[in-house]
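Visitor: Pasting a structure here, questions to come.
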Amino acid sequence: MHTNRRNRLRLIVTVGLTLLLIGATAGRAAAFDFRGGDTVTIGASEVVDDDLFVGGNTVAVDGTVNGDLFVAGSAVEVNGTVNGSLFASGQFVKVNGEITGSVYSGAMSLTFGPQASVGRNALFGGFSLETESGSVVSRDLLMGGYQALLNGEIGRDVKFGGSALELNGKVGGDVVAEVEPPGSDFDPAPFTFMPGMPKAVAPGLRVSEEAAIGGQLTYTSSVEQATAIQAAPEGGVAYQTPQPGRAPEPRPRAGLTFNIFGWIFDRIREFATLMLLGALVVWKLPSPLTSATEQARAKLLPSAGWGLVVVIVGYVGAVIVGVIILMMGILFGIITLGGLSQTIFGVGFSTLSLAFTVFTLLVSYGSKLVVAYLVGKLIVKAFAPQAPDNKWWPLAAGVPLYVLFRSIPLLGWLIGVGVTLVGLGAIWLLFRQWQAARATPPPSVSASPAL
């Protein structure tokens, strides 16, 4: 049982990190529209022709967004049309409109109302998920959390890891679930004391007579729960018990040709990502990039040391801040009966998500661009000293060289770690320099003596 909970926790964490990274990197290379405030409303007649970023305590989107919608808040409700994907985080999220793409959400609760229509997939990590009768998820549904109450329609497969799963609607494909046995000792009370939270249902698997499953139902539990399955899936029912400590079955080794093409594809993807992001930085932020490369060149070892410190403090600090926000929200929720907890959770976790996203981008890509650009400048200076000072040439020379050396077994991993530490440390030293310059008052100008 403890192994089940650890697996479920890993799934929730994976979903959460996936949401952060997707929210940071997905989207179109187009203009963005930003909205913010305590209460943000997109009216029913309003049309936004960009990707839309919204943050607030209470958010209501009733209009049309012709792009992806990124929204964070304590209470989020999407009743309009999103011609793209929805990325939503907060305490309460409700979707009761049309999403032509997928839904990615991390929240205490997510509800799909009777008018909800999702054109692709739904991915959720949190306490409670409910799909009401009439709602449609056209493809797959993936959830990790405590409970899922599925009363709507899922076009393809359902994958669930949690304590309680109730299925009353229609699933077109397979259902794969890992659930707790009835009577489990898990106490959901810490998640349900806040006003507006959905009622926690008892642990276990329950499939009603009205449910329809087009494929196979496979569930994992420490005890069999056949009596709770009142419908007959077309593919039958498969029950399996968790086996803690069992090593996974070894996967067949891929052929040499497959490995070569996989290696080539990974290198091309890494090269394309760094070149695209590097081009954006060189275009929009050439001066900070040049200054960071100078920090790395002049203070190589200090940069590596500071980079290690920044990595440790950044990731450990994010965990500590997240725990503090959670404890403060629970404390103020108890003191004020939930009055301030919503604001603390909404603002706190939204700010933490933004900061963590920026930090992750700097670690994953920014640090590599700094060192690659520095190496590219040295190459251009050595082999083409007569060439004009062109800011694009170092990028074109440095990134391919980094990708090439990064692909060397073992040595490439060491190079990647070293480049990350040096680049990140150089960015930190540049930030400290910038802060010191801001804190230094401008020199006073003495009055000239009268002639």
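For the sequence shown, this note's numbering assigns the number -5 to the initial residue and increments by one for each residue that follows.
Cβ atoms here follow ideal geometry from the backbone N, Cα and C, with glycine treated the same way.
1. Take P227 as the anchor and find which of Y233, A205, S216, S129 has the nearest alpha-carbon.
2. At a cut of 8 Å, does the stretch 272 to 284 reach the stretch 339 to 355 through at least three beta carbon pairs?
3. Identify every run of the beta strand (DSSP E) within the stretch 129 to 160, keeping only runs that are complete inside it and at least 3 residues long; order them along the chain.
4. In whole angstroms, what separates the C-alpha of V411 from that of V305?
5. Check whether the Cβ atoms of G139 and T125 lie closer than 8 Å to each other.
6. Leaving out five residues on either side along the sequence, give the residues of the same chain with a beta carbon under 6 Å from the beta carbon of A512.
7. So, with DSSP's three-state summary, where would you put S361?
8. Check the DSSP bridge columns for F377 and list the partner residues they point to.
9. Which one of A101, T94, A38, D43 has the shortest CA to CA distance from V65?
10. So, under 8 Å CB-CB, L199 and A171 are touching, yes? Tell me the CB distance rounded to an integer number of Å.
11. Leaving out five residues before and five after V173 in sequence, what residues of the same chain have Cβ atoms less than 8 Å from its Cβ?
12. Take G37 as the anchor and find which of T434, N51, F28, V59 has the nearest alpha-carbon.
13. Would you verify that the beta carbon of I373 is, or is not, closer than 8 Å to some beta carbon of chain B?
14. Alpha carbon to alpha carbon, what distance is there between R432 and F81?
15. Which whole-angstrom value is the C-beta distance of V130 and A116, which I expect to be below 8 Å?
16. By how many angstroms is the C-alpha of G119 removed from the C-alpha of V310?
17. Candidates T52, L325, M137, L346: which alpha carbon is nearest I446's?
18. What's the gap between the Cα of Q109 and the Cα of S103?
19. For V365 versus A290, is the C-beta spacing smaller than 8 Å?
20. Could you please give the first and the last residue of the uninterrupted beta strand (DSSP E) stretch that includes G198?
21. For the alpha helix (DSSP H) that contains Q427, what are its first and last residues?
22. How far does the beta strand (DSSP E) with T52 in it extend, from its first residue to its last?
23. Given a cut-off of 8 Å on the beta-carbon distance, is the pair G370 and G406 in contact?
Guide: The short version:
1. As a working note, residue 227 is residue 233 in the sequence shown. Minimum Cα distance to P227 is reached at A205.
2. In the pairwise beta carbon analysis, the stretch 272 to 284 is classified as not touching the stretch 339 to 355: fewer than three pairs are separated by under 8 Å.
3. Counting only runs of 3 or more, we get 135 to 144, 152 to 155.
4. For this step, residue 411 is matched to residue 417 along the sequence shown. For this step, residue 305 is matched to residue 311 along the sequence shown. Rounded to whole angstroms, V411 to V305 spans 11 Å at the Cα level.
5. On the sequence shown, residue 139 is found 145 positions in, with the first residue counted as 1. On the sequence shown, residue 125 is found 131 positions in, with the first residue counted as 1. T125 is positioned such that its CB atom lies no closer than 8 Å to that of G139.
6. Since the first residue shown for the chain is -5 and the last is 445, residue 512 is missing from the structure and cannot be characterised.
7. Here residue 361 refers to the residue found at position 367 of the sequence shown. Three-state result, S361: helix.
8. Reading the sequence shown from its first residue, position 383 is the one you call residue 377. In DSSP, F377 forms no bridge with anything.
9. Translated into the one-based positions of the sequence shown, residue 65 becomes position 71. The candidate whose alpha carbon is nearest that of V65 is A101.
10. Position 205 of the sequence shown, counted from the first residue, corresponds to residue 199. Position 177 of the sequence shown, counted from the first residue, corresponds to residue 171. The distance from the Cβ of L199 to that of A171 is about 6 Å, consistent with a contact at the 8 Å cut-off.
11. The residue labelled residue 173 in the question sits at position 179 within the sequence shown. Only F154, G156, S157, A158, L159, P197, G198, L199, Y213, T214, S215, Q219 meet the Cβ criterion.
12. For the purposes of this step, residue 37 is taken as the residue at position 43 of the sequence shown. With distances taken between Cα atoms, G37 lies closest to V59.
13. The structure shown has no chain B; it contains just one protein chain.
14. In the sequence shown, counting from the first residue as 1, residue 81 sits at position 87. In the sequence shown, counting from the first residue as 1, residue 432 sits at position 438. Those two C-alpha atoms are separated by around 36 Å.
15. Here residue 130 refers to the residue found at position 136 of the sequence shown. Here residue 116 refers to the residue found at position 122 of the sequence shown. Actually they are not in contact, since the Cβ atoms of V130 and A116 sit about 10 Å apart, beyond 8 Å.
16. Counting from one through the sequence shown, the residue named residue 310 turns up at place 316. Counting from one through the sequence shown, the residue named residue 119 turns up at place 125. Their Cα atoms are separated by approximately 22 Å.
17. The displayed coordinates of the chain run from -5 to 445. Any statement about residue 446 would go beyond what the structure contains.
18. Taking the first residue of the sequence shown as position 1, residue 109 is located at position 115. Taking the first residue of the sequence shown as position 1, residue 103 is located at position 109. Each residue's alpha carbon lies about 18 Å from the other.
19. As a working note, residue 365 is residue 371 in the sequence shown. As a working note, residue 290 is residue 296 in the sequence shown. Yes.
20. To locate residue 198, count along the sequence shown from 1; it is residue 204. Judged by DSSP secondary structure, G198 falls within the beta strand (DSSP E) whose first and last residues are 198 to 201.
21. Residue 427 sits at position 433 when you count from the first residue of the sequence shown. Counting along the chain, the alpha helix (DSSP H) containing Q427 begins and ends at 405 to 433.
22. Translated into the one-based positions of the sequence shown, residue 52 becomes position 58. Following the DSSP letters along the chain, one finds T52 inside the beta strand (DSSP E) bounded by residues 45 to 55.
23. As a first step, residue 370 is located in the sequence shown; it is residue number 376 there, counting from the start. As a first step, residue 406 is located in the sequence shown; it is residue number 412 there, counting from the start. Between G370 and G406, the C-beta gap is not smaller than 8 Å, which leaves the two residues out of contact.
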